[in-house]
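Just so you know, we're using UniProt numbering here: the sequence shown kicks off at 1 and counts up by one. Read through the structure below, which is laid out as structure tokens, and then see the notes.
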Amino acid sequence: SPAAIPVAKSKLPHDNRGRGATDTGMNHKADRYTGIGMNYNGDRYTGMNYDDDRYIGISKTRSRQAGADRYRYEITGFYRGVLANFVVQSCSQTSFYGSYGSSIRCLNGDIAFPTYSHSFIAGCIGGAVQAVPSCIFELLKIRLQTTSRDQVANMFVLCRHLMARDGPRCLFVGFHATLWRDSPTYGIYMITYEFCKRSIDKHTKNEFLASFVAGGISGVVAWTIAMPVDTVKSKQQAGHTKLGLVPCLSEIYHKSGAYALYCGWTATASRAFILNAVSLLVWDQMRKYLSTK
């Protein structure tokens, strides 16, 4: 099961998690998607039962406090793990593009117009390198996003707690799945980008548009291929399974079918298009700018 994070005393006047809450604060029947740990048995959003006679005639001070609690546990709950996610993107993107460019140069290729074979090999190497920081910080992000409102949602506190309990090895839970998710798919990612960019630029003669659209398409293609493995990785890092990559894929497929491996594809594809379109556009333009200096 997921690591139990040190629990802080709730500031809510009426804290009832309801039945089925686990040590991580996740009530799968109540809040399956955000993991904020809200109790839908009482008031759907705040966990406060406003139908209770105790809240009739509540003072203005208590009303303001209730409003503050509502804001705190509703709005900020959507941003649980945002620091870890920021670190994930910073470390993974930096390590990937740096290792990709170095690999192209080691292959004696032209980074401005690499061959498709060089793009694939360098992309696989870059994906393998960035799998290391991605595994660590995605583990922290997932654990933070599956904590209840009463638990300390702090990346550094969680990291110290996991290290003290299980040692450094616990930070690499799901690394095998992360490596398989990132290494081959980043090779396909860069091939798709180079092909789409050249095709679009040939017809539009617009370099910015070509990089933006090609980046978005390559992101959607790569994440579509990676989603089944990413589903397993997330289950492993959340502590929902002890199975390896292939046994877990087989179990999900036999229990719920292929649909379960692509659950949430629309949201993932939308995010992938925007994120990778901007990311590859900025990388391409900065590479060209710095190469002239």
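Every residue gets a Cβ at the ideal spot worked out from N, C-alpha and C, and that includes glycine. This one's a predicted model, so the numbers in the text were calculated from it and none came from an experiment.
Own chain, CB closer than 6 Å to residue i, minus 5 neighbours either side, in chain order
{"i": "Asn85", "result": "Lys141"}
{"i": "Phe175", "result": "Cys135"}
{"i": "Met190", "result": "Ser119 and Gly123"}
Helix, strand or coil at residue i according to DSSP, with G and I counted as helix
{"i": "Leu158", "result": "helix"}
{"i": "residue 295", "result": "As displayed, the chain neither begins before 1 nor continues past 293, which places residue 295 out of reach and without an answer."}
{"i": "Thr115", "result": "coil"}
{"i": "Lys242", "result": "coil"}
{"i": "Lys233", "result": "helix"}
{"i": "Asp110", "result": "coil"}
{"i": "Asn85", "result": "helix"}
{"i": "Val173", "result": "coil"}
{"i": "Asn276", "result": "helix"}
{"i": "Gly219", "result": "helix"}
Where residue i falls, given that 16 or more other Cβ within 10 Å makes a residue buried
{"i": "residue 296", "result": "Examination of residue 296 is not possible in this model, given that the chain is present from 1 through 293 alone."}
{"i": "Pro114", "result": "buried"}
{"i": "residue 294", "result": "Outside the displayed range of the chain (1 to 293) lies residue 294, so it cannot be described from this structure."}
C-beta atoms of residue i and residue j nearer than 8 Å
{"i": "Leu245", "j": "Ile252", "result": "no"}
{"i": "Ser90", "j": "Val129", "result": "no"}
{"i": "Tyr100", "j": "Ala122", "result": "yes"}
{"i": "Ala177", "j": "Val229", "result": "yes"}
{"i": "Gly211", "j": "Leu281", "result": "The question names Gly, but residue 211 is Ser in the sequence shown. Contact: yes."}
{"i": "Gly187", "j": "Leu275", "result": "no"}
{"i": "Val173", "j": "Gln236", "result": "yes"}
{"i": "residue 299", "j": "Gly126", "result": "This structure gives no information on residue 299, because the portion of the chain shown stretches from 1 to 293."}
{"i": "Met155", "j": "Leu144", "result": "yes"}
{"i": "Ala214", "j": "Ile200", "result": "yes"}
Sequence-distant residues of its chain with Cβ nearer than 8 Å to residue i (five each side left out)
{"i": "Met163", "result": "Cys170 and Leu171"}
{"i": "Val88", "result": "Pro133, Ser134, Phe137, Glu138 and Lys141"}
Own chain partners of residue i with C-beta closer than 7 Å, once the 5 adjacent residues on each side are dropped
{"i": "Phe273", "result": "Gly216, Gly219 and Val220"}
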